[in-house]
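Asks: Sending over a structure as structure tokens; questions will come in a sec.
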Amino acid sequence: MGRKKIQITRIVDERNRQVTFMKRKFGLMKKAYELSVLCDCEIALIIFNSSNKLFQYASTDMDKVLLKYTEYNEPHESRTNSDIVEVSHRAIYFRLQPSIHPLLCQNISVSVVIREV
């Protein structure tokens, strides 16, 4: 049985938001660990909760990874929340496009028939 999809919006209830934060923080850190081990890469994860409490994970020494980051001068991939939302919307559009196109063509042909009558 698959998991239920949830809507990605801010959780209003503070207690539920805190519980979700703790569970997802743990899951994110676990995924970061797995990625670092499986792909032999360095990872630095910095999280501030809504109370500005700091949580961090680093696959190696955090200071060394951050120093490497600040000294990096080449172009690199960088994402924000709005980038992720845009990519998600684009993926939905392309997934739905094959089923929408025939409907649009059918709608156009119906419009043409109506105009001819």
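In this note's numbering, the protein residues as written are 13 to 129.
C-beta atoms are modelled at their ideal positions from N, C-alpha and C, and glycine is treated no differently.
(1) Do you know whose CA, among Phe-60, Glu-54, Asn-61 and Asn-64, lies nearest Thr-72's CA?
(2) Could you please give me the residues that DSSP links to Phe-67 through a beta bridge?
(3) What is the rounded straight-line gap between the Cα of Phe-38 and the Cα of Phe-60?
(4) Assuming Leu-66 and Met-41 are in contact, meaning their beta carbons sit under 8 Å apart, how far apart are those beta carbons, in whole angstroms?
(5) Is the beta carbon of Arg-15 less than 8 Å from the beta carbon of Ile-23?
(6) Between Ala-70, Val-99 and Gln-109, which has its C-alpha nearest Ser-48's C-alpha?
(7) Measuring straight from C-alpha to C-alpha, what distance separates Ile-112 and Ala-103?
(8) Excluding the five sequence neighbours on either side, which residues of its own chain have a C-beta within less than 7 Å of the C-beta of Asp-25, listed in chain order?
Replies: For this structure:
(1) Residue 72 sits at position 60 when you count from the first residue of the sequence shown. Closest by alpha carbon: Glu-54.
(2) Reading the sequence shown from its first residue, position 55 is the one you call residue 67. Phe-67 is bridged to Ile-59.
(3) In the sequence shown, the residue the question calls residue 38 occupies position 26. In the sequence shown, the residue the question calls residue 60 occupies position 48. Those two C-alpha atoms are separated by around 14 Å.
(4) Here residue 66 refers to the residue found at position 54 when the sequence shown is read from its first residue. Here residue 41 refers to the residue found at position 29 when the sequence shown is read from its first residue. At roughly 13 Å, the Cβ-Cβ gap does not stay under 8 Å, so Leu-66 and Met-41 are not in contact.
(5) In the sequence shown, the residue the question calls residue 15 occupies position 3. In the sequence shown, the residue the question calls residue 23 occupies position 11. No, Cβ-Cβ distance for Arg-15 and Ile-23 is not below 8 Å.
(6) In the sequence shown, counting from the first residue as 1, residue 48 sits at position 36. Considering only alpha carbons, the answer is Ala-70.
(7) For the purposes of this step, residue 112 is identified with residue 100 of the sequence shown, where counting begins at 1. For the purposes of this step, residue 103 is identified with residue 91 of the sequence shown, where counting begins at 1. Looking at the two C-alpha atoms, the distance is approximately 14 Å.
(8) Stepping through the sequence shown from its first residue, residue 25 is reached at position 13. Excluding positions up to five away in sequence, the list is empty.
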